[in-house]
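Written below as structure tokens is the structure these notes are about.
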Amino acid sequence: MGFIPRLALVVAALAGHGFTAPTSASAKYCDEATGVCYSEISVGVAPITWRIAIPAVEEGPFDVLLQVVAPKTVGWAGIAWGGGMLYNPISLGWANGNTTVAAARFATAHVQPEIYEQANHTVLQGSTANATHWTLTTLCQGCSTWIHNGGAKEVLDPGATAASFAFAASAVPPVDPTDSLSPFGIHSEHGIFTLDLAAAKSEQFNSWVEKLEVKP
Ligand code: HEM
Ligand SMILES: *[C@@H]1O[C@H](CO)[C@@H](O)[C@H](O)[C@H]1NC(C)=O
Ligand SMILES: *[C@@H]1O[C@H](CO)[C@@H](O)[C@H](O)[C@H]1NC(C)=O
Ligand SMILES: *[C@@H]1O[C@H](CO)[C@@H](O)[C@H](O)[C@H]1NC(C)=O
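All the letters of the sequence shown, read from the start, carry residue numbers -20 to -1, 1 to 196 under mature numbering (1 follows the signal peptide of the UniProt record, and there is no 0).
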């Protein structure tokens, strides 16, 4: 058996236990309709695609454009910006009718994470749900810096070519999908991956955000 099929088997076996092997094949993805370019990776059982774009800055904190594409079988999906469940902002997404919801949480224990008011998510154009998939496109203000347990300030490095993130997902939607403050249940899978943040930088970041804003 060649290397690739064997790796696929190992990943499938781990996924069966709810844990996905670390993945780091981050690539560049540009949306044809909007011209927005992200660093992206597809991970996990579903799989779920995570896309990130950031401004062309030398240091954090900075705002983050996050796009999540998940099959309809995914009830909720979340990314933990510090690379683990605990002590970092978590951005969550799920489907609600023909659109999607973004939510912020922060966990200090391996239980239901708390609502996190220090991070704001604005749902942008390109947030849709259809028969097969849901897509969340959101601006997070407050996801690139946080206070760790013990009080140390953490800031994401925009120059990191392999920044570590964690994700989790469940097939069960939140209790009230219309409400970003809704409770939800434990993940059926979780894992870690790296993304090239340096490649996610763009001078066009602000104009992209402006373009994607949903006008009332
Ligand atoms: C009701 C909500 C949640 C509950 C009850 C919960 C509970 C737990 C428990 C008991 C573990 C340790 C056992 C294991 O490894 O499976 C764990 C690990 C983990 N969870 Fe959660 N979790 C919840 C939400 C989340 C969310 C929203 C994320 C978002 C990324 C997340 C990410 C992770 C990760 C990455 C791990 C691996 C260990 C770590 O990084 O601390 N969890 N969770
Ligand atoms: C989404 O649903 C809303 C309310 O049900 C409807 O007004 C809107 O036209 C729908 N949008 C699309 C793109 O289908
Ligand atoms: C449903 O949404 C997904 C992801 O947003 C997209 O790739 C797919 O083309 C859509 N399907 C239809 C029938 O529009
Ligand atoms: C989030 O929004 C609130 C209310 O508009 C604002 O006071 C706060 O500064 C925002 N936080 C960040 C990190 O942008």
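Virtual Cβ for every residue (Gly too), placed ideally from N, Cα, C.
Residues that DSSP places opposite residue i in a beta bridge
i	result
residue 70	60, 85
residue 100	121
residue 76	79
residue 189	DSSP, once it has assigned bridges, lists no residue as partnering residue 189.
residue 14	Looking at the DSSP assignment, residue 14 forms no beta bridge with any residue, so it has no partner.
residue 150	56
residue 29	22, 49
residue 169	149
Residue i versus residue j - alpha carbon distance
i	j	result
residue 176	residue 63	14 Å
residue 191	residue 15	10 Å
residue 109	residue 180	25 Å
residue 102	residue 119	5 Å
residue 41	residue 133	11 Å
residue -11	residue 17	Residue placement at residue -11 is poorly supported in this model, since its pLDDT is 33, which falls under 50; the coordinates still yield a value, given next. Going by the C-alpha atoms only, they are around 31 Å apart.
residue -7	residue 196	Reliability fails at residue -7, whose pLDDT of 37 lies under 50, so the model's placement of it is uncertain and no value is given.
residue 22	residue 170	13 Å
residue 126	residue 145	14 Å
residue 55	residue 178	31 Å
residue 73	residue 99	14 Å
residue 189	residue 45	8 Å
residue 13	residue 122	27 Å
residue 152	residue 28	15 Å
residue 91	residue 68	14 Å
Residues near residue i in its chain [Cβ-Cβ closer than 8 Å; skip 5 each side]
i	result
residue 161	83, 95
residue 19	6, 7, 8, 9, 31, 32, 33, 175, 176, 177, 179, 180
Nonlocal neighbours in the same chain, by C-beta distance under 6 Å from residue i, ignoring five residues either side
i	result
residue 107	79, 80, 116, 117
residue 140	177
residue 58	70, 72, 148
Same chain only: Cβ atoms within 7 Å of residue i, ignoring 5 sequence neighbours per side
i	result
residue 105	117, 192, 194
residue 93	70, 85, 86, 87
residue 112	51, 52
beta-carbon residue i near ligand 6 non-hydrogen atom, thresh 7 Å
i	result
residue 50	The ligand content of the structure shown is limited to ligand 1, ligand 2, ligand 3 and ligand 4, which means ligand 6 is not among them.
Would the region 182 to 190 count as touching the region 25 to 38 if we require 3 or more Cβ pairs under 8 Å? yes
Check whether the region 6 to 15 touches the region 153 to 160, counting contact only when three or more Cβ pairs, one atom from each stretch, lie closer than 8 Å. With a cut-off of 8 Å, the region 153 to 160 and the region 6 to 15 do not count as touching, because too few Cβ pairs lie within range.
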